[in-house]
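*Asks:* When the letters of the sequence shown are read in order and numbered with this note's numbering, they come out as residues 6 to 193. All C-beta atoms, glycine included, are put in the ideal place defined by N, C-alpha and C. Computed from a predicted structure; not experimentally measured.
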Amino acid sequence: VVSEYLGYFAFDHHAVYSFRSSRGQKIISLTTRPAVRISAMPGRTNRIGRHLLTSGGLGKSLEAASELGCETAQIFLSNPQGWADPTPRPGAETFTERRRELGLSPVAAHAKYLINLASPHEDLRRRSAEALARELVAAGALGVDLVVVHSGSHGGDGEEKGMDRLVEGLDRVRELAASFTRASTPVA
């Protein structure tokens, strides 16, 4: 169990400083101490990282990950609480190269929280598919390995209808992403 080995690791602007075993005891405590470097743990197979701010630039994000000793990271490609498309980022062309130099892998991008491909509302599903497709294209341009997206809510129509809409939406996302890529739309 990771909690039995890890003493400190960065979590946003806090440090987790007291992991204990999961035998009903408190597992973590947060402190406002400065973030500390992530230490290697013998015998583990998972990778430890954090969500990185990109507002200071992609290069600064990678350097922060390096200073913390991160092995993996997650970023947002655009405002996660708005519908604006991802825009070209200064430093995007060197992001992939630098993250490989640092051994940062995998790198994930988190899609917008507003996306709801399972929604009973057609307009929201259409907007969600377009937004996710643009985020996938932007992630590909940065060499991001994974995109995290929430499936959304069926809105009371039941899981089966929600899942059907989700599958249809994901198919539409793939079509849109391919068309955006072919059209060479600059999104990242």
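Let me know the secondary structure DSSP gives A138 once reduced to three states.
*Replies:* Residue state, collapsed to three classes: helix.
*Asks:* Does the distance from the C-beta atom of A113 to that of V149 stay below 8 Å?
*Replies:* Cβ distance < 8 Å, so A113 and V149 count as in contact.
*Asks:* Whole angstroms is fine: what's the gap from F24's alpha carbon to I53's?
*Replies:* Only weak support exists for where F24 lies, its pLDDT of 40 falling under 50; the coordinates are left without a value.
*Asks:* Select from G108, P91, P85, L151 the residue whose C-alpha is nearest the C-alpha of I120.
*Replies:* The residue with the shortest Cα to Cα distance from I120 is P85.
*Asks:* Under the rule that 16 or more other beta-carbon atoms within 10 Å means buried, what is T99, buried or exposed?
*Replies:* When all chains shown are included, T99 counts as exposed.
*Asks:* Determine the closest residue to G152 out of A144, E173, H159, with distance taken between C-alpha atoms.
*Replies:* The sequence as given places Val at residue 152; Gly does not occur at that position. Cα-wise, what sits closest to V152 is A144.
*Asks:* I believe L122 touches G157 by the beta-carbon criterion, under 8 Å. Please report the beta-carbon distance rounded to the nearest angstrom.
*Replies:* Rounded, the Cβ-Cβ distance is 5 Å, consistent with contact.
*Asks:* Note down, in chain order, each residue of its chain lying with its Cβ closer than 7 Å to the Cβ of P95, except the 5 sequence neighbours on either side.
*Replies:* Here the set comprises G62.
*Asks:* From T186 to V178, what does the alpha carbon distance come to, in whole angstroms?
*Replies:* So the alpha carbons of these two residues sit roughly 12 Å apart.
*Asks:* For S133 and G161, which I take to be in contact (beta-carbon distance under 8 Å), what is that distance rounded to the nearest angstrom?
*Replies:* In fact, because the Cβ distance is near 18 Å, the residues do not count as touching under 8 Å.
*Asks:* Just to confirm the assignment, what range does the beta strand (DSSP E) spanning R55 have?
*Replies:* Residues 54-56.
*Asks:* Have a look at P125 and L107 and give me their C-alpha separation to the nearest angstrom.
*Replies:* So the alpha carbons of these two residues sit roughly 44 Å apart.
*Asks:* On the DSSP bridge assignment, give the partners of F185 in chain order.
*Replies:* Bridge partners of F185: none, in fact.
*Asks:* Below 8 Å between beta carbons: does that hold for E135 and K117?
*Replies:* No, they are not a contact pair.
*Asks:* What's the C-alpha gap between G167 and R130?
*Replies:* The alpha-carbon atoms of G167 and R130 are separated by roughly 11 Å.
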